[in-house]
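Sequence order for the protein chains is A and B.
Remember, my numbering sits 915 above the position in the first sequence when you count from 1.
Remember, my numbering sits 335 above the position in the second sequence when you count from 1.
Beta carbons are placed, not taken as given, at the ideal position from N, Cα and C, and that holds for glycine.
All values derive from a computational prediction rather than experimental measurement.
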Amino acid sequence: MHIIAFLIRRAIQAVIVMFVISLIGFSIQDNLGDPLRELVGQSVSEAERQVLRDQLGLNDPFWVQYARFLGNAVQGDLGTSYFFKRPALDVIMAKFPATFELVLGSVFIFLSLSIPAGIYCAINRKSWLTQFIMSASILGISVPVFLTAILLVWLFGVELQWLPAFGRGETYTMPWGWETGFLTWDGLLHLILPCISLSSIMLPLFIRLIRAEMMEAMGTDYVRFARAKGLSTPRVRYVHAFRNTLLPVVTVGGLMIGTLIAYTILTETVFQWPGMGFLFLEAVNRVDTPLIIAYIIFVGFIFVVVNTIVDFVYTLINPMVKLPGAKS
Amino acid sequence: MKTLRHFATATAILMGATGLASAQTLNFAYDADPVSLDPHEQLSGGTLQLSHMIFDPLLRWNAELGFDPRLASSWERVDDTTMRFMLRDGVKFHSGNPMTAADVVWTIDRLKNSPDFKGLFAAWTSVTAVDDLTVEVKTDGPSPLMLHTATYVFPMDSKFYEEGGPEVVKHGDSFASKTVSGTGPFTISEREQGVKVVFKRNPDYWDTNSPGNVQTAVLTPIKEAPTRVAALLAGDVDFIAPVPPTDLERIEADENSKLVTMSGTRIITLQMNGGRNEALADKNVRLAMVHAINNQGIVDKIMKGFGTTAAQNSPAGYLGHNPDLKPRFDLAKAQSLMAESGFPDGFSATMMCPNNRYVNDFKICEAAAAMLAKINVKIDLTTMPKAQYWPKFDERAADIMMIGWHADTEDSANFYEFLNMTPDAETGRGQYNSGGYSNAKVDELTIASLTETDEAKRAEMLQEVEKILYDEAAYIPLHWQDLAWAAGSNVDIEPVLNVMNFPYLGDLVVSE
């Protein structure tokens, strides 16, 4: 039963997190700029702008505006985007699949490469390939994502013309309205460069992390004992040692989700990827405050969800770990 | 590696094949897509570009800055304050409704209720339908800008909009912001805001002389300039605008693409606030500063030649353009002017500039600050995104502020009204005069020019204003931003481009 208690606690936590975020978002909104400037042409008079400001309720005191926002928020309405003229949450949800698939694609890339590479580097410490991977990973960490992305576009999009330079390409709409790029050839081609760019920052980090953890695990007593027991080398390596390297990897992975979301903003901007990150950057440029606040609240929600999942994954990897708050 | 190469060849063939099959499809990319389908919601370049695709104006600008008849087949001036527009017969809206004088009157009434457009139409006191195909416009005084203003009238289908919902809504959902019925060469078949707009050719387009052969046009907004250029070079799109100065050479070097540039009409200036900083109230100081700024250097080095040096507001071709006024960079003169001023040892001043509003805006300001340092004017420069900049600009938060201006009316007086006249919150004049510069003669001449219909006299007035502003060093003119477009070599883009940056895509010819 403690799983239900755990979930309820997490749900309350999520509400508190989102409440605090909304308060912060609301209190900084005046510093984001004047939304009216983006809504009207250059020669509209200040008097005319004041009338519009009144209509939008932007001249009300902070607490009046915030109370109105909270009142709507509890009914699931996070405000209406100035630019899209639709509920901000709808706009974000419509862009969510694009970002989710981008993140999924890059998680697939960096997991499928970093695990074998990390293990290999831990086992064959002196090989030239290890040396190469380790130096390349330093380079990978140091090069900013947007630069990687622009280089990829230039090389594969412009010079070689192998892959499309921007956008999502053709998408297939699932019966429940989710537009996916995974099911069309064109959509997959469009995913390659953005996914590689986005994974470029995580990949070297995970290789180094897995290598370090694996090396440590290989030196522990239980691995030596398993060997002494006569277990086969693969079993010792991949079951006994590797499984124990996973715990810190999952922890870091959960934390890195935040970084990954930050980098989707950059990647999506370079590739004109119609996802949430690009949407957010545009909203900041357009001073679309309702959309900005809805986005940060939504991201806060994602954080809570991911951390909850990470906690569950712990218990799967290592049965000795208990869910937070469970009786031992 | 080999499979990869095969794969690449296959993709290339595939892409080539689709290119061939859709020869009359135009894929084009701008830096943004239209905010709304309502032509009266926001007065911006994007709205007007869209209006020229799905609507037609009464008359439109041609490349020589003259007027071409569109939905008005002719016009005549009845007297100083009255103008008649004769409408083209047999024009139908996309809905099938015929276009009549009633639609034009309805549209102008609607414009007068739009917060963005009402200013332009303030002088139009009455608009009446004389008969089904004649519209009579009366103004509150003699109006030299009658035809300029008429380029903003894109007749809308009054029956269609009256049924669906005619309001202009600045914020929120409205019928007109999502649905459209105009007379234009294209209709909208699909639109996902921020992602793409698909235009289909109007099969019943009235202008049967139009050479245009684009059947489907797909607009994809690509915000990042390098991505936009890459999309063109990679062949993903056929036409892009704007082209950043850094990529001009690359496009010129590409054999499958071509570049079209034009000297633009947006003036970039620095305004000096004598009210905040007493040194800037000294005419000699201002003159010294103008002489210290190397316009040519900024255009060559920072703008990569992508600009035309300016000594006044009005670009060539405008009535107010005074050919005698030349850029006057001369450091020695600047230093001697400074020595003669009340501040021979120099002074400090604050400066603010946007960093994402005009082409290379913050780099220009950095360069200007360095140039001013040579006459001992120590600049404390702050740059910020436009979202934060505009509120600061309204507050007049620095001694020197950057402002760029494009005259909505394509007329010189518009520059003076907004940038140089004495600020007046009542009338809205001088709204963008952050320096607070005030000169009774400038005010008087500008006001008089708004009701002067004799073109020669009007030109004299406007040019005199430029001369006063020049002699007084009322502000620092830098340059007019050039315009640039780039297209695939099979897209015959030049004939449909103009200095207003309204590509008339309805007339665009794409060859096989």
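Please report whether the beta-carbon of residue i lies at a distance below 9 Å from any beta-carbon of chain B.
{"i": "Asn987(A)", "result": "no"}
{"i": "Leu1103(A)", "result": "no"}
{"i": "Gln970(A)", "result": "yes"}
{"i": "Leu967(A)", "result": "yes"}
{"i": "Gln1076(A)", "result": "yes"}
{"i": "Arg1201(A)", "result": "yes"}
{"i": "Trp1093(A)", "result": "no"}
{"i": "Glu963(A)", "result": "yes"}
{"i": "Val1068(A)", "result": "yes"}
{"i": "Leu922(A)", "result": "no"}
So with CB distances below 9 Å, who are the chain A contacts of residue i?
{"i": "Phe753(B)", "result": "Gln957, Ser958"}
{"i": "Lys558(B)", "result": "Thr1184, Gln1187, Phe1193, Leu1196, Glu1197, Asn1200"}
{"i": "Leu378(B)", "result": "Val955, Gly956, Gln957, Ser958, Val959"}
{"i": "Gly763(B)", "result": "Ser958, Val959, Ser960, Glu961, Ala962, Glu963"}
{"i": "Thr555(B)", "result": "Phe1081, Gly1082, Gln1187"}
Please list the partners that residue i has in chain A, where partner means a Cβ-to-Cβ separation under 8 Å.
{"i": "Ala458(B)", "result": "None at all; the shortest Cβ gap to chain A is about 14 Å."}
{"i": "Asp368(B)", "result": "Going along chain A, no residue has its Cβ under 8 Å from Asp368(B), so there is no contact; the nearest lies around 10 Å."}
{"i": "Gln766(B)", "result": "Ser958, Ser960, Glu961"}
For residue i, go through chain A and note every residue whose CB falls closer than 7 Å to its CB, in chain order.
{"i": "Gln723(B)", "result": "Gly948"}
{"i": "Val530(B)", "result": "Pro1189"}
{"i": "Leu568(B)", "result": "Val1073"}
Listing by chain order, which chain B residues have their CB less than 8 Å from the CB of residue i?
{"i": "Ala1209(A)", "result": "Here the premise fails: no neighbours, minimum Cβ distance about 15 Å."}
Give the interface partners of residue i over in chain B, defined as CB-CB distance under 7 Å, in chain order.
{"i": "Ile1065(A)", "result": "Pro561"}
{"i": "Val1080(A)", "result": "At residue 1080(A) the sequence reads Ala, which differs from the Val that was named. Ordered by position in chain B, the residues that pass the 7 Å Cβ test against Ala1080(A) are Thr562, Ala565, Ala566, Ala569, Asp571."}
{"i": "Arg952(A)", "result": "Trp725"}
Assuming residue i contacts residue j under a Cβ cut-off of 8 Å, what Cβ separation, rounded to an integer in Å, is found between them?
{"i": "Ala733(B)", "j": "Thr685(B)", "result": "4 Å"}
{"i": "Trp815(B)", "j": "Gly599(B)", "result": "5 Å"}
{"i": "Arg1158(A)", "j": "Ala1037(A)", "result": "In fact, because the Cβ distance is near 14 Å, the residues do not count as touching under 8 Å."}
{"i": "Met736(B)", "j": "Gln606(B)", "result": "5 Å"}
{"i": "Lys618(B)", "j": "Ala808(B)", "result": "7 Å"}
{"i": "Ile602(B)", "j": "Trp740(B)", "result": "6 Å"}
{"i": "Leu985(A)", "j": "Leu967(A)", "result": "Rounded, the Cβ-Cβ distance is 24 Å, inconsistent with contact."}
Is the shortest distance between the beta-carbon of residue i and the beta-carbons of chain A less than 9 Å?
{"i": "Val488(B)", "result": "no"}
{"i": "Thr346(B)", "result": "Because Thr346(B) sits at a pLDDT of 45, beneath the cut-off of 50, its placement in the model cannot be relied upon, and the following sentence gives the value as read from the coordinates. Output row for Thr346(B): interface = yes."}
{"i": "Lys505(B)", "result": "yes"}
{"i": "Ser478(B)", "result": "no"}
{"i": "Ile714(B)", "result": "no"}
{"i": "Ser357(B)", "result": "For Ser357(B), the pLDDT reaches just 41, beneath the cut-off of 50, and the residue's location in the model is therefore unreliable, although a value from the coordinates is still provided. Judged by the 9 Å Cβ criterion, Ser357(B) is not in contact with chain A."}
{"i": "Leu455(B)", "result": "yes"}
{"i": "Trp441(B)", "result": "no"}
{"i": "Ala760(B)", "result": "yes"}
{"i": "Pro720(B)", "result": "yes"}
{"i": "Ser592(B)", "result": "no"}
{"i": "Asp729(B)", "result": "yes"}
{"i": "Asn648(B)", "result": "no"}
{"i": "Asn825(B)", "result": "no"}
{"i": "Ser769(B)", "result": "no"}
{"i": "Ser386(B)", "result": "no"}
{"i": "Asn691(B)", "result": "yes"}
{"i": "Ser371(B)", "result": "yes"}
Kindly indicate if chain C contains any beta-carbon less than 9 Å away from that of residue i.
{"i": "Pro450(B)", "result": "The chain inventory of the structure shown lacks chain C, comprising the protein chains A and B."}
#### Entry: Near-chain B residues of the segment 1129 to 1158 of chain A (beta-carbon distance less than 7 Å), N- to C-terminal order
Hits within the stretch: zero.
### Query
What residues in the segment 505 to 526 of chain B have a beta carbon less than 7 Å from any beta carbon of chain A?
Residues of the segment 505 to 526 of chain B whose Cβ lies closer than 7 Å to any Cβ of chain A, in chain order: Lys505, His506, Gly507, Asp508, Ser512.
### Query
Of all the residues that make up the segment 993 to 1016 of chain A, which are near chain B by a beta-carbon distance shorter than 9 Å?
Here the close residues are Thr995, Tyr997, Phe998, Phe999, Lys1000, Arg1001, Val1006, Ala1009, Lys1010.
### Task
Give the residues from the segment 740 to 752 of chain B that approach chain A closer than 7 Å (Cβ to any Cβ), ordered along the chain.
Residues of the segment 740 to 752 of chain B with a C-beta atom less than 7 Å from some C-beta of chain A are Asp743, listed in chain order.
### Task
Starting from the N-terminal side, write out each stretch of the alpha helix (DSSP H) that is 4 residues or longer and does not extend beyond the segment 1143 to 1231 of chain A.
Fully enclosed alpha helix (DSSP H) runs of no fewer than 4 residues occupy 1157 to 1186, 1191 to 1200 of the segment 1143 to 1231 of chain A, in order along the chain.
#### Entry: 4 or more residues per run - each alpha helix (DSSP H) lying fully within the segment 1047 to 1078 of chain A
Runs found: 1060 to 1067.
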